[in-house]
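Be aware that the sequence shown starts at 1, since it is given in the UniProt record's numbering, and climbs by one per residue.
Backbone N, C-alpha and C define an ideal beta-carbon position, used for all residues, glycine too.
Okay, structure first, notes after.
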Amino acid sequence: MNKEISDSSFLNAENALYVADIFKRYVANSTDVSPQWQSFFQQLNDTEKSVLLDLSRGSTYVKPKASSSAKPSVTQDIKETELSLKASTIADAYRRWGHYAATLDPLGLTLPKGHPGLNTKAHTVSEADLDQPIQGFKLGRRDTLRGIIEQLSKVYCDKSAYEYMHIPNLDETNWIKRRLETAPFALTEDDEIEVFEWLVKAELFEHFLAKKFPGAKRFGIEGCDALIPMLHDILTRAAADELGNAVIGMAHRGRLNTLYNIMGRPYEEVFAKFMNKSPNHYGKMGDVKYHVGGSVDVMLHDKPLHVSLLYNPSHLEAINPVVMGNVWAKQHDGTPNALGILVHGDAAFAGQGVNAETLLMSQVNGYSVGGMIHIITNNQVGFTANPSETRSTDYASDLAKSVNAPVFHVNADDIESCIFVSWLAYSYRQEFKKDVIIDLVGYRRYGHNEGDEPNFTQPVMYGKIKSHKSVLNQYEQFLVEKKTLTQQHANDIRKKYESKLVAAYDRAADWTFENYTSHSGRWEKTHPNNHSQEPKTGVDEALLKQIGTHLSTPPENFDLNSKIARQLATRKQMMESSSNIDWATGELLAYGSLLIEGTPVRISGEDCIRGTFSHRHVGLYDQTTNDVTFLVNHLPNATAQLSVYNSVLSEYAVMGFEYGTALANPNRLVIWEAQFGDFVNGAQIIIDQFIASAETKWDLYNGLVLLLPHGLEGQGPEHSSARPERFLQLCADDNIQVAIPTTPANMFHLLRRQIHSPNRKPLIVMTPKSLLRHKLAVSNINDMSTGSKFQPVINDSKVAMKASKIVLCSGKIYYDLLENRSSDQNIALIRLEQLYPFPAQELSTIIAQHPDAEIVWCQEEPKNMGAWTHVFFALKDMGIDANYVGRPSAGSPATGYTSVHQAEQSAIIHAALTPKRT
Numbered sequence: 001m002n003k004e005i006s007d008s009s010f011l012n013a014e015n016a017l018y019v020a021d022i023f024k025r026y027v028a029n030s031t032d033v034s035p036q037w038q039s040f041f042q043q044l045n046d047t048e049k050s051v052l053l054d055l056s057r058g059s060t061y062v063k064p065k066a067s068s069s070a071k072p073s074v075t076q077d078i079k080e081t082e083l084s085l086k087a088s089t090i091a092d093a094y095r096r097w098g099h100y101a102a103t104l105d106p107l108g109l110t111l112p113k114g115h116p117g118l119n120t121k122a123h124t125v126s127e128a129d130l131d132q133p134i135q136g137f138k139l140g141r142r143d144t145l146r147g148i149i150e151q152l153s154k155v156y157c158d159k160s161a162y163e164y165m166h167i168p169n170l171d172e173t174n175w176i177k178r179r180l181e182t183a184p185f186a187l188t189e190d191d192e193i194e195v196f197e198w199l200v201k202a203e204l205f206e207h208f209l210a211k212k213f214p215g216a217k218r219f220g221i222e223g224c225d226a227l228i229p230m231l232h233d234i235l236t237r238a239a240a241d242e243l244g245n246a247v248i249g250m251a252h253r254g255r256l257n258t259l260y261n262i263m264g265r266p267y268e269e270v271f272a273k274f275m276n277k278s279p280n281h282y283g284k285m286g287d288v289k290y291h292v293g294g295s296v297d298v299m300l301h302d303k304p305l306h307v308s309l310l311y312n313p314s315h316l317e318a319i320n321p322v323v324m325g326n327v328w329a330k331q332h333d334g335t336p337n338a339l340g341i342l343v344h345g346d347a348a349f350a351g352q353g354v355n356a357e358t359l360l361m362s363q364v365n366g367y368s369v370g371g372m373i374h375i376i377t378n379n380q381v382g383f384t385a386n387p388s389e390t391r392s393t394d395y396a397s398d399l400a401k402s403v404n405a406p407v408f409h410v411n412a413d414d415i416e417s418c419i420f421v422s423w424l425a426y427s428y429r430q431e432f433k434k435d436v437i438i439d440l441v442g443y444r445r446y447g448h449n450e451g452d453e454p455n456f457t458q459p460v461m462y463g464k465i466k467s468h469k470s471v472l473n474q475y476e477q478f479l480v481e482k483k484t485l486t487q488q489h490a491n492d493i494r495k496k497y498e499s500k501l502v503a504a505y506d507r508a509a510d511w512t513f514e515n516y517t518s519h520s521g522r523w524e525k526t527h528p529n530n531h532s533q534e535p536k537t538g539v540d541e542a543l544l545k546q547i548g549t550h551l552s553t554p555p556e557n558f559d560l561n562s563k564i565a566r567q568l569a570t571r572k573q574m575m576e577s578s579s580n581i582d583w584a585t586g587e588l589l590a591y592g593s594l595l596i597e598g599t600p601v602r603i604s605g606e607d608c609i610r611g612t613f614s615h616r617h618v619g620l621y622d623q624t625t626n627d628v629t630f631l632v633n634h635l636p637n638a639t640a641q642l643s644v645y646n647s648v649l650s651e652y653a654v655m656g657f658e659y660g661t662a663l664a665n666p667n668r669l670v671i672w673e674a675q676f677g678d679f680v681n682g683a684q685i686i687i688d689q690f691i692a693s694a695e696t697k698w699d700l701y702n703g704l705v706l707l708l709p710h711g712l713e714g715q716g717p718e719h720s721s722a723r724p725e726r727f728l729q730l731c732a733d734d735n736i737q738v739a740i741p742t743t744p745a746n747m748f749h750l751l752r753r754q755i756h757s758p759n760r761k762p763l764i765v766m767t768p769k770s771l772l773r774h775k776l777a778v779s780n781i782n783d784m785s786t787g788s789k790f791q792p793v794i795n796d797s798k799v800a801m802k803a804s805k806i807v808l809c810s811g812k813i814y815y816d817l818l819e820n821r822s823s824d825q826n827i828a829l830i831r832l833e834q835l836y837p838f839p840a841q842e843l844s845t846i847i848a849q850h851p852d853a854e855i856v857w858c859q860e861e862p863k864n865m866g867a868w869t870h871v872f873f874a875l876k877d878m879g880i881d882a883n884y885v886g887r888p889s890a891g892s893p894a895t896g897y898t899s900v901h902q903a904e905q906s907a908i909i910h911a912a913l914t915p916k917r918t
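Here it is as structure tokens:
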């Protein structure tokens, strides 16, 4: 009999197939079985029929050899089968709905609501039936129906509860079922003492901070203290399995406890911070102590593990995709089984949309990390809001079922069940490489922070909390009563840990922070503010031609789309002529040259394999088989790979993922591309809280590249602007780079500079749309060859000196100006290819060649948008007054009417090219 059958019923193996075989014949032809079996099957409910149909899948029943005992009558067979089926349907009910009857609230304020399917009357079970023996029962020695129900209730309706029957994969449900319904989980005495010690650390750390720094915000974990031993248990298992790396993402609640207990950061450090001693971060602004992260190497039961707690903002759940991307990077940089752990709040997990986006990516190629372990620290309140005000579902965890993840609920006061659940979750992740959720149901002993008054809004709850014993005190009493610990031993453990805290506190006044830096390992060679000289990013011309020719040659016997074939033929002509290199080719030459140098490249975004505007075609699709090949990954002598993925339709989570990927390795070029630049504001939280400010807040470097298609082309307000003004407003402290390249060569150098520069700063590139195929937006191969580099300012080679007027501009409007400037106009068109850091020195040198020129700034965006405000003040700092030419201020980036767009554009070009009045 196959495994599915053996796991799906209380029927024993022989009877299961015997009855299933009869039922199969009944379904095929009801008259093929006796009238008694017909009557029995007709009375089955849908669930019972479903059980038998499941059983009937598999081998046909083979009648066993006759025994000496008398064969039971058909009536007896039917009665036994009826009871076995009732046991099966009752067991199914407990597996599906037992969680509704579990005692999950430690405070006893939210009572189990139960479920009608758990009532024996729903299964037409009489009192006499309850004491009848059931054959094939696997939950223990009790083999009556009453005993089965008692055992099911103990497994599914106690202080832990399990939702897994929604999972369509039978292997997964059977795997979970076996681990719940077989021999009970039990800790050894050594395990119990270790758990007790971790509860001591969790509680006493919070108490010590409260005593020494009363009223200070620390966002303590009291009420969900079990989180700390659970994290320790998961990490210990990860170390034992040699996973190599674990990355944790969490908000403020319990963060200090995790950082200083789990990760072992010196207690002196946190006490010094509470004493308002500031780290010296060389002019950085810093952040509050409960946003700080770090990485450490720990030994857990003599096994090493590198543990990272990522820095995060107050924007709840924003860290989740960042952790996921960071884990992906670590898995592709030497630790393929690296583990991600996310700690959520109950209201935040249900309420923040980024969780749906992140879960959506969890099984998608290019984003899956083999499962994340999620722990919801469910304190049953969201700041001041009750659960009914924070969601429309039964549980805070219900979102997880959208991706068929199992959910394990557990009462935070039942610490041994908490440890069992952490083991179960870790084991599930390891077995099935999927996300799993633990709903740790506890409470919050104080207000949202320690200075908050929770009695204003939750008086009943906090009246109960005031007299509620902590999980540490409950567990200590339990262990003393069962004689695992003596009271003296328990007191000694407490005193030993408290003495450690006291000694660290006494040393904290003299603590210095100099030894702590985010720039270890691979990041040691990066420098924060080195823009003294543009690095030479050119590549040997012969190598460029080799790369370009390879990228023009499809594999043999590959059924290539005819239009793509023409593009490849055109690219081959570019290589042969060394000229007219278009945007897509310049970009691909950058990637190919980096791969040959050993730099891996990752590109992610909606439709980025083809490119929104059908220009990139980095992946070629066979028209017969639909197989895809990436020519760039078959370059001779390449020692790295290009990873390019069409993303899920999300900006927020996907950009966060890519930020986390770039955070792990400065020597990987990581790119996120927007479908249209207009949609980048869907990820505004990642931009504001991470990309623009992580360096000054947390002293973190990151080389993520954002490619944002931008340009007003009459396509309406939602397909015109990547909002460059917003990025420029964020520019300060040398935090990011903003560029609007107008040539394929400059794009080539921008991408290569991101790796060859000694610093790592996020790069925001306003990429073109119409210029992708513009006849003038091309480059020669010598613009990219040895000795060449990125040009932050491009001078006008036609009017190099003594112009009567200088038109400064960025982006595609340059080509509109160029095509409309008459040959006799003494007007210089000067392009700012980089807007931040502002290239003042380069621009000053060029402007000096035109001493009497009128200077205007020309842009196609409205006056209150685009680069005008940024450029105005930058020029002011240079002592230059410039006039504005462009659209007037507007509430929307662009008109939706093509005729209006064309009239506006013509007026801008005419005004910009009107000669200076004398």
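Whether residue i touches residue j by CB criterion (9 Å)
i: P666; j: A739; result: no
i: I415; j: V480; result: no
i: G586; j: P762; result: no
i: L588; j: R616; result: yes
i: D559; j: D622; result: yes
i: F657; j: V322; result: yes
Beta-carbon proximity list for residue i, same chain, < 8 Å, skipping 5 on both sides
i: K217; result: V288, Y290, N449, E450 and G451
i: G896; result: G716 and P717
i: Q132; result: L83, T144 and L145
Own chain residues within Cβ distance below 7 Å of residue i, not counting five before or after
i: A425; result: I373, F408, V436 and I438
i: R179; result: L424
i: I234; result: I341, I373, S422 and Y426
i: S67; result: Residue placement at S67 is poorly supported in this model, since its pLDDT is 47, which falls under 50; the coordinates still yield a value, given next. Hits under 7 Å: none found.
i: H550; result: L631 and L635
Cβ neighbours of residue i in the same chain (closer than 6 Å, five flanking residues each side left out)
i: N633; result: Q641 and L642
i: G714; result: T898 and H901
i: I167; result: T173 and N404
i: S59; result: Reliability of the predicted coordinates at S59 is poor, the pLDDT of 36 falling under 50, and no value is obtained from them.
i: T767; result: L707 and P709
Coarse secondary structure for residue i, derived from DSSP in three states
i: W511; result: coil
i: P229; result: helix
i: H344; result: strand
i: S39; result: helix
i: M878; result: coil
i: T845; result: helix
i: L649; result: coil
i: G382; result: strand
Bridge partner(s) assigned by DSSP for residue i
i: M285; result: Looking at the DSSP assignment, M285 forms no beta bridge with any residue, so it has no partner.
i: K802; result: K802 pairs with nothing; no bridge assigned.
i: E660; result: In the sequence on display, residue 660 carries Gly and not Glu. Answer is none; G660 lacks a bridge partner.
i: S579; result: Its beta-bridge partners do not exist; DSSP assigns none.
i: G605; result: N646 and E673
i: N245; result: H306
i: P709; result: T767
i: Y884; result: W857
i: C809; result: R831
Selection from the options that minimises the alpha carbon distance to residue i
i: M230; options: F196, A504, E242 and M574; result: F196
i: S720; options: F748, G114 and K769; result: K769
i: I847; options: R831, E860 and E192; result: R831
i: V381; options: G447, S402 and V410; result: G447
i: G811; options: A803, M784, Q859 and R773; result: Q859
i: Q729; options: G656, G548, T869 and N45; result: T869
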